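*Asks:*
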Amino acid sequence: DMPSVLRQVFRSKQFEAFVLLIILGNTVTVCMIGSLGVEVLEKQLVIAEYYFSVFFLVEFIIQVLCDGSLAKFFNHPEHNFDFLIQLLTTSALIADAAGAPKEF
């Protein structure tokens with residue numbers, strides 16, 4: 001049964017470690033954006049940020065599928081924080097892609 005296979009993979013310690021490495025890479029990327037002063041590299045970092053966001057969005061969707069519903073997903077307190085971060089990140093990237101000003 002596919003949901004149980006997904007659940008085994010996405011609830012494993014190995015997958016958790018993989019996600020933590022992705023989070024670390026994302027954190028380094030975010031810290032580097034705007035601090036290097038090299039336009040070509042800055043664009044590549046922003047593109048990397050899009051890839052990280054897509055990864056986290058897909059991971060979110062699969063986690064919801066593993067739980068069986070959004071209600072069950074939100075029963076895990078750590079998922080609430082993950083969802084908030086995903087929502088803010090996705091919103092910021094959509095706004096950036098739409099050409100919204102970066103400064104307030």
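Once you know that position 3 of the sequence shown is 3 in UniProt numbering, the rest is easy, because the numbers rise by one and skip nothing.
Just so you know, even glycine gets a beta-carbon here, dropped at the ideal spot from N, CA and C.
Small disclaimer: the values here were computed from a predicted structure and weren't measured.
Have a look at Q14 and I94 and give me their C-alpha separation to the nearest angstrom.
*Replies:* Whole-angstrom Cα-Cα distance: 31 Å.
*Asks:* Assess contact between the stretch 31 to 41 and the stretch 54 to 70, defined as three or more Cβ pairs (one per stretch) separated by less than 8 Å. Is contact present?
*Replies:* Output reads no: the stretch 54 to 70 does not touch the stretch 31 to 41.
*Asks:* How long is the line joining the alpha carbons of D67 and S4, rounded to whole angstroms?
*Replies:* One alpha carbon belongs to D67, the other to S4, and they sit about 10 Å apart.
*Asks:* What separation, rounded to the nearest whole angstrom, lies between the Cα atoms of I23 and A71?
*Replies:* 25 Å
*Asks:* Which residue from N80, L84, F52 and T90 puts its Cα closest to that of N26?
*Replies:* F52
*Asks:* Would you check if the distance between the CB atom of N80 and the CB atom of F74 is smaller than 7 Å?
*Replies:* The answer is yes: Cβ separation under 7 Å.
*Asks:* Measuring only the C-alpha atoms, how far is F18 from R7?
*Replies:* 15 Å
*Asks:* Among residues of its own chain, excluding the 5 on either side of F10, which ones have a beta-carbon nearer than 8 Å to its beta-carbon?
*Replies:* E59, I62, Q63 and C66
*Asks:* Rounded to whole angstroms, what's the CA-CA distance from L21 to L36? Just pull it up for me.
*Replies:* 23 Å
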